[in-house]
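Read in order, the letters of the sequence shown are residues 1 to 259 in the UniProt record's numbering. Taking it in order: structure first as structure tokens, then the write-up.
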Amino acid sequence: MAATALNPEAFVDFKLKSIHALTPNTSKFVFELPEHQTLGMTVASCVVTKFINDEGKPVIRPYTPTSNDDVKGSFDFIIKRYDAGVMSAHIHSLKVGDTLAVKGPMSKYPLQLNQHKNVVMIAGGTGITPMLQLVNGIFNSKGEDTTQVHLVYANVSSQDIIFKDELDELVKKHPGQFKLTYVIDRAEDGWNGEVGYITADLIKKHIPGVQTEVEKVFVCGPPPMMVAVSGGKGPNFTQGEVEGTLKELGFTSDKVFKF
């Protein structure tokens with residue numbers, strides 16, 4: 001078993017190895033690990049990142065690495081820059097050779113094999129990262145986990161869809177277990193997915209048994225999407241009340257988890 005680089009009790013500085021632009025405002029940041037080490041993530045977990053701002057105060061934010069944890073020697077973040085995002089702006093300002101302080105892993109949801117028979121994942125933009133971690137955790141179980149998964153993935157445009165090739169490949173490999181619905185804001189030439197926003201009608205169209213068969217709904221995305229779909233999170237990173245589309249569909253807090 002490979003040694004792991006993370007420390008859940010202390011921040012560790014990792015050097016930025018390379019930057020790869022994916023969209024005009026989203027990039028993949030690759031950080032170095034010792035050659036024979038993996039990062040040390042677990043399914044449904046995140047890390048926290050830290051930097052000291054101009055006022056000498058620490059800024060701390062959670063992120064989900066996007067590289068598989070069996071990768072040795074490096075790990076990735078895919079991060080969208082938001083105008084009001086202090087940490088995302090800081091990471092986008094980093095240059096190759098700079099370091100970022102990271103601590104973890106921090107477990108977010110204690111997912112176990114076959115814990116749920118049928119789940120729905122609703123993601124917006126880079127909110128796909130914890131969903132992909134969950135999906136890979138299910139499908140890397142070599143058939144032991146038979147959870148049925150339907151992912152609804154929303155973006156502004158088709159050009160903003162990250163991990164599309166990987167997601168489409170998972171559908172091909174697991175056609176009876178993994179369903180995928182793409183949604184973009186406005187119609188485009190050649191687009192055959194959904195257009196508009198994630199509404200109750202859209203969900204019922206693609207997941208007919210959503211109100212009777214789905215045991216858990218996972219949601220992650222930008223704050224406006226979260227508010228519309230599930231309600232925002234509560235104070236101090238609590239789950240908060242279920243609102244929006246999921247409340248309209250009859251879901252209660254015990255059946256919804258907000259990343």
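For glycine and all other residues, C-beta sits at the position ideal for the given N, C-alpha and C.
How far does the beta strand (DSSP E) with residue i in it extend, from its first residue to its last?
{"i": "T99", "result": "T99 to S107"}
{"i": "K179", "result": "F178 to I184"}
{"i": "F259", "result": "Per DSSP, F259 belongs to no beta strand (DSSP E) and is neither H nor E."}
{"i": "V219", "result": "K216 to C220"}
{"i": "F75", "result": "S74 to K80"}
The alpha helix (DSSP H) spanning residue i covers which residue range?
{"i": "M131", "result": "I128 to F139"}
{"i": "L151", "result": "Element bounds for L151: not the alpha helix (DSSP H) but the beta strand (DSSP E), Q148 to N155."}
{"i": "H206", "result": "A200 to H206"}
Compute the beta-carbon to beta-carbon distance between residue i and residue j, rounded to the nearest angstrom, for a pair I have assumed lies under 8 angstroms.
{"i": "H174", "j": "T147", "result": "Not really, about 11 angstroms apart at Cβ, beyond 8 angstroms."}
{"i": "G97", "j": "K15", "result": "6 angstroms"}
{"i": "I78", "j": "K28", "result": "5 angstroms"}
{"i": "D70", "j": "T42", "result": "About 13 angstroms separates the two Cβ atoms, so there is no contact after all."}
{"i": "G209", "j": "V227", "result": "Wrong, their Cβ atoms sit about 26 angstroms apart, outside the cutoff."}
{"i": "A88", "j": "D76", "result": "Checking the sequence, you will find Ser at residue 88 rather than Ala. Between D76 and S88 the Cβ distance is about 15 angstroms, and since that is not below 8 angstroms, they are no contact."}
Indicate the three-state DSSP secondary structure (helix, strand or coil) for residue i in the structure shown.
{"i": "L246", "result": "helix"}
{"i": "M121", "result": "strand"}
{"i": "A3", "result": "strand"}
{"i": "Q112", "result": "coil"}
{"i": "I161", "result": "coil"}
{"i": "K233", "result": "coil"}
{"i": "A228", "result": "helix"}
{"i": "H36", "result": "coil"}
{"i": "H92", "result": "helix"}
{"i": "V43", "result": "coil"}
{"i": "V171", "result": "helix"}
Let me know if residue i comes out buried or exposed under the rule of 16 or more other beta-carbons within 10 Å of its beta-carbon.
{"i": "A44", "result": "buried"}
{"i": "L113", "result": "exposed"}
{"i": "N155", "result": "buried"}
{"i": "residue 272", "result": "In this structure the chain extends from 1 to 259, so residue 272 is not present and cannot be described."}
{"i": "I161", "result": "buried"}
{"i": "Q159", "result": "exposed"}
{"i": "I207", "result": "buried"}
{"i": "T252", "result": "exposed"}
{"i": "K95", "result": "exposed"}
Would you list the one or two residues that DSSP bridges to residue i?
{"i": "R61", "result": "T49"}
{"i": "D13", "result": "A101"}
{"i": "A21", "result": "S27"}
Any beta-carbon of chain C closer than 7 angstroms to the one on residue i?
{"i": "T49", "result": "Looking for chain C here will not work: only one protein chain is present."}
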